[in-house]
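Below: the structure, in structure tokens.
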Amino acid sequence: MNFPNIGLGTFRLKGEVVQQSVQDALDIGYRAIDTAQIYDNELEIGQVLQKSSIARDELFLTTKVWVDHFTPEKFIPSLKNSLTRLQVDQVDLTLLHWPAPKMNIDLKTTLELLAEAQNLGLTQHIGVSNFNIQQVQYAIDLLGKARIFTNQIELSPYLQNKTLVSFLKQNDIAITSYMTLAYGKVLHDPTLKQIANIYHVSVAQVVLAWALHHHFHVIPSSTNQAHLTSNLEAQQLVLSPEHIAMIDGLERNSREINPEQLAPQWDL
Ligand SMILES: NC(=O)c1ccc[n+]([C@@H]2O[C@H](COP(=O)([O-])OP(=O)(O)OC[C@H]3O[C@@H](n4cnc5c(N)ncnc54)[C@H](OP(=O)(O)O)[C@@H]3O)[C@@H](O)[C@H]2O)c1
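Structure (structure tokens):
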């Protein structure tokens, strides 16, 4: 299964809420789901997938290994536990959730464990999340460029990560934008509202279309069927170069997520 441009995020969603969101998303036509060990919802997502009539090879499932499991004793068993909870033999993509430089992580060992998980067939692809340029370069040097499938990073009109994005593009590493809507913050932006009015679409659709224009993969989360539908339909929206440039100009290095123990020194 190719990596769909739009998937469903599931951060913060648990129990019946995540199940309804995933069920609605699959019914609407989403074929990619993004979860993580720390989201504590793999089990519930697995139950929905189990009941679904969608063939496994038509779904793109991503999970992320939590930093507490970045040891030789815990890494592979924790991923096997994720597969058990998700009720699959293999996920499509496994990411290291954070580099966690202040937690005495042995990055070399952790990356080798990630590669071993792929060699064992537990995951089709491997990648990283919240890595800066130096850390991605380290992963490339250790495992080879072709092996690093994506870097999943916070990326919205208010945080465009231009230096990191250009490095990833140069190295043919897919860019996954998380919190593309800045968890709703960008939806009140006057420039985005103005553009949305011109196309008679929602602000969320404008933002997602802008991200897709830049070849970012997006994984917006929603518990609302209308939002899920319109977010998916953003794929059909083509913005003019002038409007893309206006959104490019909204950059303000405004980061929503920056946990001290987990985050790297971000590239400016
Ligand atoms: N790798 C990492 O460290 C990391 C960190 C954070 C997130 N992520 C991933 O990225 C995903 C997305 O991030 P996120 O969920 O935090 O934030 P987000 O997708 O930027 O925003 C989600 C919020 O926007 C609202 N929303 C969605 N579509 C909308 C629409 N069309 N109109 C109006 N409001 C809309 C949702 O509310 P409603 O439910 O009301 O629609 C929800 O409150 C996560 O779920 C997770 O899978 C990864």
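Position one of the sequence shown corresponds to residue 0 (numbering that gives the first Met the number 0), numbered consecutively onward. Cβ coordinates follow ideal geometry from the N, Cα and C atoms, glycine included. None of the values given here were measured: they were computed from a predicted structure.
By the neighbour-count criterion, in which 16 or more other beta carbons inside 10 Å mark a residue as buried, residue 219 falls on the buried side.
In the structure shown, the three-state DSSP call for residue 150 is strand. For residue 137, the uninterrupted alpha helix (DSSP H) segment begins and ends at 132-142. Counting of Cβ neighbours within 10 angstroms places residue 53 among the exposed residues, the total staying below 16. The Cβ atoms of residue 234 and residue 5 lie closer than 8 Å to each other. Restricting attention to 232, 201, 214 and 1, the CA atom closest to the CA of residue 91 is found in 1.
Counting only runs of 4 or more residues that sit fully inside the stretch 150-180, the alpha helix (DSSP H) segments are 161-169, in chain order.
Look at residue 89 here: in three-state DSSP terms it is coil, with no helix or strand label. Per DSSP, residue 32 lies in no alpha helix (DSSP H); the unbroken beta strand (DSSP E) holding it starts and ends at 31-33. Ligand 1 has no heavy atom closer than 7 Å to the beta-carbon of residue 46. By the neighbour-count definition (other C-beta atoms within 10 Å, threshold 16), residue 222 is an exposed residue. Contiguous alpha helix (DSSP H) elements confined to the stretch 190-237 occur at 202-212 and 224-232, taking only those with 4 or more residues. Its Cα nearest to that of residue 175, the residue 154 stands out among 194, 158 and 154. Residue 246 carries a helical assignment under DSSP once its states are collapsed to helix, strand and coil. Checking the 7 Å criterion, the Cβ of residue 13 is out of range of every heavy atom belonging to ligand 1.
The secondary-structure analysis by DSSP pairs residue 66 with nothing; it has no beta-bridge partner. DSSP, reduced to helix, strand and coil, places residue 59 within a strand of the structure shown.
Taking C-beta atoms as the reference points, residue 101 and residue 264 fail to come closer than 8 Å. Taking 8 Å as the cut-off, the Cβ atoms of residue 178 and residue 246 do not count as close. Residue range 106-118 is occupied by the alpha helix (DSSP H) that includes residue 117. In this structure, residue 78 sits away from residue 128, with a CB-CB distance that is not shorter than 8 Å. The alpha-carbon of residue 140 is positioned some 29 Å away from that of residue 82. Contact annotation: residue 45 and residue 89 have beta-carbon atoms that are not nearer than 8 Å.
Exclusion of the five residues before and after residue 182 leaves 255 as the residues of its chain whose Cβ lies within less than 7 Å of its Cβ. The C-beta separation of residue 206 from residue 227 comes to about 15 Å, leaving the pair out of contact by the 8 Å criterion. When secondary structure is reduced to three states using DSSP, residue 5 falls in the strand class. Judged by DSSP secondary structure, residue 128 falls within the beta strand (DSSP E) whose first and last residues are 122-128.
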